Amino acid sequence: MKLNANTDFLYRALIYVALHPERWVTAREVAEAYKLSHNHISKVCQELIRCGFFNAQRGRGGGVQLARKPEDIHLGELLFLNEDKPKIIDCEAGIGGACRIA
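In the working numbering, the protein residues as written are 20 to 121.
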């Protein structure tokens, strides 16, 4: 599947946070896990907070957590969250490749 870069970052942040429900996750942690820009992931996390996907806690030990149960999140909601006509990018892993998300 081809996604624009922003949607790709939204999905990655959402997946990473969903995989760690027991604690608050920082944007820096997500960025380091996927080797992405901290600034981009911070903006994505703010967007997910604004749209009700994440709850946030400021300060030491803070970060983000899912605001909804994973089964109540529909990935289609994120597809056109920020752009009407997305710029398409190719997945670097290709078919059968080693995907960094998984």
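The beta carbon of each residue, even a glycine, is placed where N, CA and C say it ideally should be.
Since this is a predicted model, take the numbers as computed values, not measurements.
Exercise. Does the Cβ of residue 82 have 16 or more other Cβ atoms within 10 Å, making it buried, or fewer, making it exposed?
Worked result: Translated into positions along the sequence shown, residue 82 becomes position 63. With 16 or more other Cβ atoms within 10 Å, it is buried.
Exercise. Taking the C-alpha atoms as reference points, what is the distance between residue 94 and residue 45?
Worked result: Here residue 94 is taken as the residue at index 75 of the sequence shown, counted from 1. Here residue 45 is taken as the residue at index 26 of the sequence shown, counted from 1. Whole-angstrom Cα-Cα distance: 21 Å.
Problem set entry | N-terminal and C-terminal residue of the alpha helix (DSSP H) that residue 95 is part of | Counted from its first residue, the sequence shown places residue 95 at position 76. Run containing residue 95: 95-98, per the alpha helix (DSSP H) assignment.
Exercise. According to DSSP, is residue 74 helix, strand or coil?
Worked result: Taking the sequence shown and counting its residues from 1, the one referred to as residue 74 is at position 55. If DSSP states are grouped into helix, strand and coil, residue 74 belongs with the strands.
For this session: Look up residue 22 in the DSSP assignment and say whether it is helix, strand or coil.
Result: Taking the first residue of the sequence shown as position 1, residue 22 is located at position 3. If DSSP states are grouped into helix, strand and coil, residue 22 belongs with the strands.
For this session: Compute the Euclidean distance between the alpha carbons of residue 73 and residue 51, then round it to the nearest angstrom.
Result: Here residue 73 refers to the residue found at position 54 of the sequence shown. Here residue 51 refers to the residue found at position 32 of the sequence shown. Computed Cα separation, rounded: 19 Å.
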